[in-house]
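*Asks:* In terms of the numbering used here, the sequence shown is residues 128 to 595.
The beta-carbon is built from N, C-alpha and C at its ideal position, and this holds for glycine as well.
Here it is: the structure, laid out below.
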Amino acid sequence: MYRSANNLQRFSSLLRLQNGTDIKYSGPVVGVINLYLRMASSESYRIERDTFGELKVPSDKYYGAQTVRSTMNFKIGGVTERMPLQVIKAFGILKRAAAEVNTDYGLDPKIAEAIVKATDEVIAGKLDDHFPLVVWQTGSGTQTNMNVNEVISNRAIEILGGKLGSKDPVHPNDHVNKSQSSNDTFPTAMHIAAATEVHEVLLPGLQLLHDALAAKASEFKDIIKIGRTHTQDAVPLSLGQEFSAYVQQVKYSIERVKAAMPRVYELAAGGTAVGTGLNTRIGFAEKVAEKVSALTGLPFVTAPNKFEALAAHDALVELSGALNTVAVSMMKIANDIRFLGSGPRSGLGELILPENEPGSSIMPGKSVYLQLLRAVQRSTIFFPLVFFCLYISFIACTFMCKLWQVPKLKLTMYVSYANSHVFLGHEFHHAPVNMLYTCTLTKFSVPRFECCGLCCATDGVWSLFELF
128 MYRSANNLQR FSSLLRLQNG TDIKYSGPVV GVINLYLRMA SSESYRIERD TFGELKVPSD
188 KYYGAQTVRS TMNFKIGGVT ERMPLQVIKA FGILKRAAAE VNTDYGLDPK IAEAIVKATD
248 EVIAGKLDDH FPLVVWQTGS GTQTNMNVNE VISNRAIEIL GGKLGSKDPV HPNDHVNKSQ
308 SSNDTFPTAM HIAAATEVHE VLLPGLQLLH DALAAKASEF KDIIKIGRTH TQDAVPLSLG
368 QEFSAYVQQV KYSIERVKAA MPRVYELAAG GTAVGTGLNT RIGFAEKVAE KVSALTGLPF
428 VTAPNKFEAL AAHDALVELS GALNTVAVSM MKIANDIRFL GSGPRSGLGE LILPENEPGS
488 SIMPGKSVYL QLLRAVQRST IFFPLVFFCL YISFIACTFM CKLWQVPKLK LTMYVSYANS
548 HVFLGHEFHH APVNMLYTCT LTKFSVPRFE CCGLCCATDG VWSLFELF
């Protein structure tokens, strides 16, 4: 992206007469020139090397040979199955923290500063186009870790005025990956990504849903209706009482998620290859956790046992269980409201729900409740949970295989249980947000209930007599 601009400047300099005046071109000519430059850039390569030999790397990309080799070996998946950008951002946070800590242990301050600038661009999403790898790769996540190392290294080299692919003065392994291994960086990035998504997306969405439902419960407190035990007429209650159950469900959901977070805050960084901390300095793990905590504003700490942190993912299993319960609650609430709003003429029709678009190609006037349907669809998070729990129990020793190698279930709710080390929260926030819109737009049809008043004559609701 930077080189394209430089090419255009150099090309423009060639379009000057010898006396220094510019040649004037019309808009279409300039467009053709720009198209030519883009085509030339896309067809140009540089040669980079890894331990297996030389490879051609697109000259306009910051990644290197190992990333290219991974794209050659794993020609499956597509754009939708690329490593989630939240994980890439988490890697950027980790690499920045490591560079700052390594400065205390002898890393050249100029190199560290360039690495920090490059990681800031990764965190800000400015380099997203340079992370092409899909979730299908080796079990330890080595390819993604090296993809991040190569991008940061080459961008840092560019910042320092060096040549891309030269690995000088910034080396992807010796400098960006200093005191790290794929085996501890990927679990660390998983925890950072999951925790930040939970705090930035999921919990705020659930809180908004809780507040919206609480407002409706208060608004409906004086409206008396008939209970629906076994979908049949039952004893009366207020609609506010009915909605108070939803309020409590969401309240418990928030508490369950928060209760699972302390273990997610424990980071594997510093364990390196197998948990022994080989090639790290004393205090590295603790300092990295402190830096990550400062960068994210979350209470991350170093894991007390690095062997457990690398070889197991029980913390994410625990969090996934909490999210499973939240998903079930979302589906329960959505289906209840759909049931109460059924009809509107031949169903219960107790609730008037927002109508956003036509719901049929053959039935005039029919509409569907899109927010509720989307909430139900996105609540299918709990289906992959079974496969995730089974698969994690088969992880042999430490890194024979990893979670994302389970084929992804083609569900509307893409949480990537099976794909990227249980990256939680990737889209889970859509369920509470959809439910939020549903609840804030829902209105109640009072006349519908007036015909079922305490006289009990019109609709024959005999259970109301039990009040007396």
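Compare the beta carbon distance of A245 and V278 with 9 Å and say whether it is the shorter of the two.
*Replies:* Their beta carbons are under 9 Å apart, which means A245 touches V278 by this criterion.
*Asks:* Quick one: measure Cβ to Cβ for M210 and L260, integer angstroms, because I've assumed they're closer than 8 Å.
*Replies:* Yes, M210 and L260 are in contact; Cβ-Cβ is about 6 Å, under 8 Å.
*Asks:* If you measure between the beta carbons of V415 and A241, is that distance less than 9 Å?
*Replies:* In this structure, A241 does not lie closer than 9 Å to V415 by Cβ.
*Asks:* Below 9 Å between beta carbons: does that hold for A436 and P236?
*Replies:* Their beta carbons are not under 9 Å apart, which means A436 does not touch P236 by this criterion.
*Asks:* If you follow the alpha helix (DSSP H) that G402 is part of, which residue opens it and which one closes it?
*Replies:* Counting along the chain, G402 falls outside any alpha helix (DSSP H), and DSSP gives it neither H nor E.
*Asks:* Quick check: the Cα distance between Q307 and G486, rounded to an integer number of angstroms?
*Replies:* Their backbone Cα atoms lie some 54 Å apart in a straight line.
*Asks:* Quick one: what's P485 bridged to in DSSP?
*Replies:* Answer is S494.
*Asks:* Taking a contact to mean a Cβ-Cβ separation below 9 Å, would you say L276 touches N304 in this structure?
*Replies:* As written in the sequence, residue 276 is Asn, which differs from the Leu given in the question. Result yes, Cβ atoms of N276 and N304 sit closer than 9 Å.
*Asks:* Are at least three pairs of beta-carbons, each pair with one atom in the stretch 450-463 and one in the stretch 248-267, less than 8 Å apart?
*Replies:* Output reads no: the stretch 248-267 does not touch the stretch 450-463.
*Asks:* Could you tell me which residues DSSP puts in a beta bridge with D177?
*Replies:* According to DSSP, D177 bridges with G180.
*Asks:* Compare the C-alpha of A217 against each of V249, V297 and T399 and name the closest.
*Replies:* Nearest option by C-alpha distance: V249.
*Asks:* What does DSSP give as the partner residue(s) for E393 in the beta ladder?
*Replies:* Per DSSP, V428.
*Asks:* Could you spell out the range, first to last residue, of the alpha helix (DSSP H) harbouring L221?
*Replies:* Element bounds for L221: L212 to T230.
*Asks:* Using a Cβ distance threshold of 8 Å, determine whether the stretch 336-354 contacts the stretch 366-378, with at least three qualifying pairs required.
*Replies:* Yes, since at least three Cβ pairs between the stretch 336-354 and the stretch 366-378 fall closer than 8 Å, the two stretches touch.
*Asks:* Starting from the N-terminal side, write out each stretch of the beta strand (DSSP E) that is 3 residues or longer and does not extend beyond the stretch 321-393.
*Replies:* Counting only runs of 3 or more, we get 351-353 and 363-365.
*Asks:* If the criterion is Cβ atoms closer than 9 Å, does the pair D256 and G219 meet it?
*Replies:* The answer is no: Cβ separation not under 9 Å.
*Asks:* Classify N229 as buried or exposed, calling it buried when 16 or more other Cβ atoms lie within 10 Å of its own Cβ.
*Replies:* So N229 counts as buried.
*Asks:* So, at 8 Å on beta carbons, what are the nonlocal neighbours of H298 in its own chain, with the 5 sequence-adjacent residues on each side left out?
*Replies:* The residues are S280.
*Asks:* Let's see if you can read the secondary structure: which residues bound the alpha helix (DSSP H) around L450?
*Replies:* Its alpha helix (DSSP H) spans residues D441 to L467.
*Asks:* Please work out which residues of its chain come closer than 8 Å, Cβ to Cβ, to L212, disregarding the five sequence neighbours upstream and downstream, and give them in chain order.
*Replies:* Within the same chain, L212 has close Cβ partners G252, D255 and F258.
*Asks:* On a CA-only basis, which of L340, T399 and A321 is nearest V391? Give me that one, please.
*Replies:* Among L340, T399 and A321, the Cα nearest to that of V391 is on A321.
*Asks:* If you draw a straight line from the alpha carbon of S469 to that of G492, how long is it in whole angstroms?
*Replies:* Each residue's alpha carbon lies about 14 Å from the other.
*Asks:* Per DSSP, which one or two residues make a beta bridge with R209?
*Replies:* Beta-bridge pairing links R209 to V261.
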